[in-house]
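There are 2 protein chains.
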Amino acid sequence: MPKQNTVFKDAYNRCLRLLVVGESLPSEPELCTLLGVSRTTVRSILSQMVEAGLIEWNKRSKAVQRPPAKTDFFPEHETNPLSEVIERTFMKRILMGGAEPGLQINELELAREIGVGTTSVREFLIRFSRFGLIEKRPNSHWVLKGFTRQFAEELIDVREMFELKSAAAFVNLPTDDPAWTELEVLRRAHVEVLADIDSRYLEFSELDDRLHRLIQQASGNRFIVDFYDIIAIVFHYHYQWNKSNARERNGKAILEHLDYIEALKTRRPEAVEAACRLHLLSARMSLMQSLPPAALAAAEVVQ
Amino acid sequence: MPKQNTVFKDAYNRCLRLLVVGESLPSEPELCTLLGVSRTTVRSILSQMVEAGLIEWNKRSKAVQRPPAKTDFFPEHETNPLSEVIERTFMKRILMGGAEPGLQINELELAREIGVGTTSVREFLIRFSRFGLIEKRPNSHWVLKGFTRQFAEELIDVREMFELKSAAAFVNLPTDDPAWTELEVLRRAHVEVLADIDSRYLEFSELDDRLHRLIQQASGNRFIVDFYDIIAIVFHYHYQWNKSNARERNGKAILEHLDYIEALKTRRPEAVEAACRLHLLSARMSLMQSLPPAALAAAEVVQ
DNA sequence: TTCATGTTCTTTGTCGATAATGTGCAGGCC
DNA sequence: GGCCTGCACATTATCGACAAAGAACATGAA
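Chains as they are written, first to last, in this note's numbering: chain A, 137 to 439; chain B, 137 to 439.
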């Protein structure tokens with residue numbers, strides 16, 4: 137099978153939600169922007185909908201015949217791009233189960249295990265290698281460097297450098313920069329989640345991602361912005377399988393974020409730096425605490 | 137053609153230089169370490185040498201029959217790994233000839249132009265994307281962001297952050313760390329090249345690379361060390377096609393390096409920071425001066 | 001004129017196949 | 001016992017093929 141038609145299936149599912157009986161679907165180009173796909177894909181969707189009896193399609197008219205049933209939707213797992221499937225499987229393996237540093241990773245085995253071709257796995261590994269967790273031995277296997285305390289420390293050290301720089305740049309943004317509006321939007325979102333923290337603490341991850349990305353962007357430096365991808369993916373997967381103390385941890389972090397945001401709004405560099413350092417230190421602590429203790433890490437160094 | 141046999145050809149050429157008439161080649165495992173390839177490849181080389189009448193091979197004895205002639209060597213271009221060929225062609229195109237930001241890059245066209253399969257090009261682009269010069273539009277083409285002044289500035293900003301951090305870490309290395317020995321070796325190499333600067337100024341690139349890598353390594357941070365790859369590749373290709381003022385530029389830089397090295401040897405943080413800043417500033421200047429003027433860069437922003 | 005559709009063509013993402021290269025094991029020489 | 005060779009096997013690097021997705025252009029309706 138050459139290409140998965142996940143783009144088609146996902147867009148089809150989203151298009152189903154646009155159906156309103158009695159009305160007509162918008163024009164093809166309009167559907168393109170709405171669904172974020174090309175016209176070719178839109179037309180495939182329309183054809184498929186005709187076959188399913190969902191619409192009647194004649195040139196400009198695309199009259200909706202019946203509301204979509206549950207069975208009209210493609211199962212969700214069929215809509216995930218292959219690259220994401222591979223990423224998830226892989227991350228699960230190395231951040232969860234026994235993945236010790238020095239482990240050899242072989243493309244063929246991984247491919248067989250996930251049930252995809254070697255090319256896809258290979259390309260994933262190349263893309264993933266920029267995160268510093270694996271390394272290639274040319275003409276041979278990949279080596280896992282491991283998500284160790286050492287790794288976490290190196291990651292966080294750079295993060296701190298970059299975030300401090302970005303935060304300092306943030307206060308110098310012109311007053312009419314959209315970032316200020318977005319910052320206020322984010323502040324409110326924080327307040328809302330905080331008000332109902334017991335049931336909504338899991339939403340913190342998303343707020344965290346948005347706030348930090350907004351700040352990194354102020355640096356105007358692509359390397360700083362791109363580096364945040366590494367942090368994001370590591371934190372994302374790590375905490376996804378490591379939910380101990382999540383409620384307290386997130387509650388505390390939201391308060392820190394609010395302080396941080398307030399500090400940014402004062403535009404006083406010292407206040408910003410203080411709030412930033414405080415929050416970063418606490419993020420460092422909670423990541424380090426959730427990792428296996430140093431004794432193990434020491435043993436790893438030997439290999 | 138599945139795999140190029142560049143590994144074989146390159147190792148064969150290098151092995152030819154080991155031939156001494158009347159003697160026997162060392163054991164297979166020994167040749168492996170000598171040539172840096174597997175035993176399978178070594179055995180292919182030996183077989184080929186037998187066919188060429190260069191040696192007689194019987195179990196442990198590999199008696200050399202005649203010295204290698206020029207015609208025994210594979211032409212050099214056949215020994216370049218495919219990935220390097222692609223890299224060179226690509227860099228030539230984007231750092232030299234009219235490669236404006238926003239340019240669409242398509243895999244198929246590149247592949248045809250270089251005369252390789254799309255997979256190889258694709259993998260190269262994925263690897264290369266970490267340098268921040270190109271960006272992928274999924275299911276569609278790549279976009280060239282361009283080697284602009286903006287790019288150079290972002291690159292150098294991060295470089296300065298990292299180098300200052302690394303240099304600071306360097307002075308704290310234990311006295312018996314091998315880096316100190318290597319630093320001395322490098323110092324002497326600098327002095328030697330300087331003594332004959334008029335004819336050897338081109339050797340500066342290599343010294344530069346070695347010195348800065350040595351320093352970055354002191355940071356003990358893989359992200360800092362890895363980042364140097366970006367700097368190295370950009371400087372490497374850029375100055376390779378931009379040799380104006382190379383003699384003066386390099387002469388000046390060598391003097392700065394020597395100051396920098398001396399400062400490191402004093403282990404005085406302030407001295408190191410001063411020398412480091414001085415050198416980085418001058419590196420920044422010369423890179424920026426060799427780029428097209430800001431007027432052009434401004435026009436690029438519009439697109 | 002402007003925008004939507006019909007049609008055709010190009011390019012991407014993924015696979016399987018295959019030579020090059022690497023790796024492991026059994027037996028043999030010192 | 002320790003290293004070397006012979007041999008069989010596993011994995012990687014690369015290609016070509018092909019369906020999915022995108023892009024270009026001519027034609028036609030408002």
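Glycine included, every Cβ here is placed at the ideal spot set by N, Cα and C.
Please read these numbers as outputs of a predicted model, since none were measured by experiment.
Among the residues of chain B, those whose CB is under 9 Å from the CB of glycine 268 of chain A are Arg358, Phe359 and Asp362, following chain order.
The bridge partners DSSP lists for lysine 379 of chain B come to none.
Within chain A, the residues Glu259, Ile262 and Arg263 have their CB atoms less than 9 Å from the CB of isoleucine 262 of chain B, given in chain order. Within the same chain, no Cβ atom closer than 6 Å to the Cβ of isoleucine 262 of chain A is found once the five residues on either side in sequence are excluded. Closer than 8 Å to the CB of asparagine 275 of chain B there is at least one CB belonging to chain A. With its beta carbon less than 8 Å from one in chain B, threonine 255 of chain A belongs to the interface.
Against chain A, the beta carbon of glutamate 290 of chain B has neighbours under 7 Å at Asn357, Arg358 and Phe359, listed in chain order. DSSP places glutamate 159 of chain A outside any alpha helix (DSSP H), giving it a letter other than H or E. Close CB contacts of lysine 145 of chain A within its chain, under the 7 Å cut and outside five residues either way in sequence, are with Phe210, Glu214 and Thr215 (chain order). Glutamate 290 of chain B is classed as buried because its beta carbon has at least 16 other beta carbons within 10 Å across all chains shown. Put simply, of A:Met421, A:Val156, A:Val186 and A:Asp395 the residue whose alpha carbon is nearest the alpha carbon of arginine 385 of chain A is A:Met421. Interface residue (Cβ-Cβ distance to chain B less than 8 Å): valine 143 of chain A is classified as such. Excluding sequence positions up to five before and after leucine 155 of chain A, its CB lies within less than 6 Å of the CB of Val200 and Pro204, all in the same chain and listed in chain order. Judged by DSSP secondary structure, asparagine 149 of chain A falls within the alpha helix (DSSP H) whose first and last residues are 142-152. About 11 Å separates the CB atoms of alanine 354 of chain B and phenylalanine 298 of chain B; that is not less than 8 Å, and the two are not in contact. Unbroken beta strand (DSSP E) runs of no fewer than 3 residues, entirely contained in the stretch 310-393 of chain B, are not found. Proximity of chain A to valine 294 of chain B at the Cβ level (cut-off 8 Å) is accounted for by Asn357, Phe359 and Ile360, in chain order. Sequence-distant Cβ neighbours of leucine 300 of chain B in its own chain, meaning closer than 7 Å and more than five residues away, are Glu409 and Cys412.
Methionine 232 of chain A does not reach chain B, its nearest Cβ partner there being about 22 Å away, counting only Cβ pairs nearer than 7 Å.
Just so you know, the alpha carbons of arginine 273 of chain B and aspartate 362 of chain A end up roughly 16 Å apart.
Residue-level contact by beta carbon holds for lysine 301 of chain A and chain B, with a gap shorter than 8 Å. Taken atom to atom, the span from the alpha-carbon of glutamine 286 of chain B to that of leucine 347 of chain A is near 25 Å.
Counting only runs that start and end inside the stretch 201-288 of chain A, the alpha helix (DSSP H) elements of at least 4 residues fall at 218-227, 243-250 and 254-264. Asparagine 194 of chain B is bridged by DSSP to B:Ser197. Distance from the CA of threonine 317 of chain A to the CA of isoleucine 250 of chain A, rounded to the nearest whole angstrom, comes to 43 Å.
Per the C-alpha coordinates, the member of A:Glu339, A:Ser335, A:Leu427 and A:Val327 positioned closest to aspartate 395 of chain A is A:Val327. Straight across, the Cα-Cα distance linking cysteine 168 of chain A with valine 157 of chain A is about 21 Å. Looking at A:Gly253, A:Val329, A:Glu320 and A:Lys388, the one whose alpha-carbon comes closest to that of isoleucine 397 of chain A is A:Glu320.
In the three-state scheme derived from DSSP, where H, G and I count as helix and E and B as strand, leucine 427 of chain B is classed as coil.
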